[in-house]
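Colleague: Got a structure for you, questions after.
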Amino acid sequence: MNLSELIAGHHEDGLPRAVARPFHHVIAWLCAVLLILMMGLTVFDVLGRYLVNAPVPGSTELTEMLLAAIIFLGLPAASLDREHVTVDLFIDRLPDWINRLREPVILLMSAGVLGVIAWRLWITAAQVASYGGTTATLELPVAPIGYLASSLTWVAVALTLAEVFYRPKKEA
465 MNLSELIAGH HEDGLPRAVA RPFHHVIAWL CAVLLILMMG LTVFDVLGRY
515 LVNAPVPGST ELTEMLLAAI IFLGLPAASL DREHVTVDLF IDRLPDWINR
565 LREPVILLMS AGVLGVIAWR LWITAAQVAS YGGTTATLEL PVAPIGYLAS
615 SLTWVAVALT LAEVFYRPKK EA
């Protein structure tokens, strides 16, 4: 498949299907596995707490870490699909030429904000790693979650920037 064929097969919001589909499958499976783990952990914790008065040790910490992983795994998917929260109060009333200019500017601004977040997450993770920060009960290292969050945010930055260059042609 040559580049023009790759670009011609756009994902519904811009990026080529060849790029979008594998990301969706990987993200969906990883999120599903993490959600199942979090659900199972919560069920065992509740059953243990109320049936035998023995909750799962560190279940709150594990749930928090799983939730952070799920949220930041979903960030590249939201960027890929352009499913971030938006408010369009008067966008429909603007002329098409303004909307054509507005979309890349908004994408560049979004990528910039995500880039700052990713950078700060990395710095914070490095600080936590420098003093060996761990969770209170299980003493699990916290820095890897920060590095994961930062890395996945950088992926979201790349996908958001790619949207600026892979714009689907509007059908007449």
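Numbered per our numbering, the sequence shown spans residues 465 to 636. Glycine included, each C-beta is placed from N, C-alpha and C at the ideal position.
#1: Please state whether the Cβ-Cβ distance between glycine 522 and leucine 602 is less than 7 Å.
#2: Work out the CA separation of leucine 515 and valine 581 for me, nearest whole Å.
#3: Could you check where the alpha helix (DSSP H) with tyrosine 630 kicks off and where it finishes?
#4: How many whole angstroms separate the CB atoms of isoleucine 491 and leucine 537, which I take to be in contact at a CB cut-off of 8 Å?
#5: If you reduce the DSSP assignment to three classes, tell me which class threonine 598 lands in.
#6: Would you kindly report the start and end of the unbroken alpha helix (DSSP H) that includes threonine 550?
#7: Would DSSP call proline 637 helix, strand or coil?
#8: Quick check: the stretch 552–564 against the stretch 590–598, are there 3 or more CB pairs under 8 Å?
Modeller: Taking the structure as given:
#1: Position 58 of the sequence shown, counted from the first residue, corresponds to residue 522. Position 138 of the sequence shown, counted from the first residue, corresponds to residue 602. Taking 7 Å as the Cβ cut-off, glycine 522 and leucine 602 qualify as a contacting pair.
#2: One-based indexing of the sequence shown puts residue 581 at position 117. One-based indexing of the sequence shown puts residue 515 at position 51. Note that residue 581 is isoleucine in the sequence shown, not valine. Computed Cα separation, rounded: 43 Å.
#3: Here residue 630 is taken as the residue at index 166 of the sequence shown, counted from 1. Here tyrosine 630 belongs to no alpha helix (DSSP H), and DSSP marks it neither H nor E.
#4: Residue mapping note: residue 491 aligns to position 27 of the sequence shown, counting from 1. Residue mapping note: residue 537 aligns to position 73 of the sequence shown, counting from 1. Sure, about 6 Å apart at Cβ, within 8 Å.
#5: Position 134 of the sequence shown, counting from 1, holds the residue named residue 598. DSSP places threonine 598 in strand when its eight states are reduced to three.
#6: Within the sequence shown, the letter at position 86 stands for residue 550. No alpha helix (DSSP H) holds threonine 550; DSSP gives it neither H nor E.
#7: Outside the shown range of the chain, which is 465 to 636, sits residue 637, and nothing can be said about it.
#8: no
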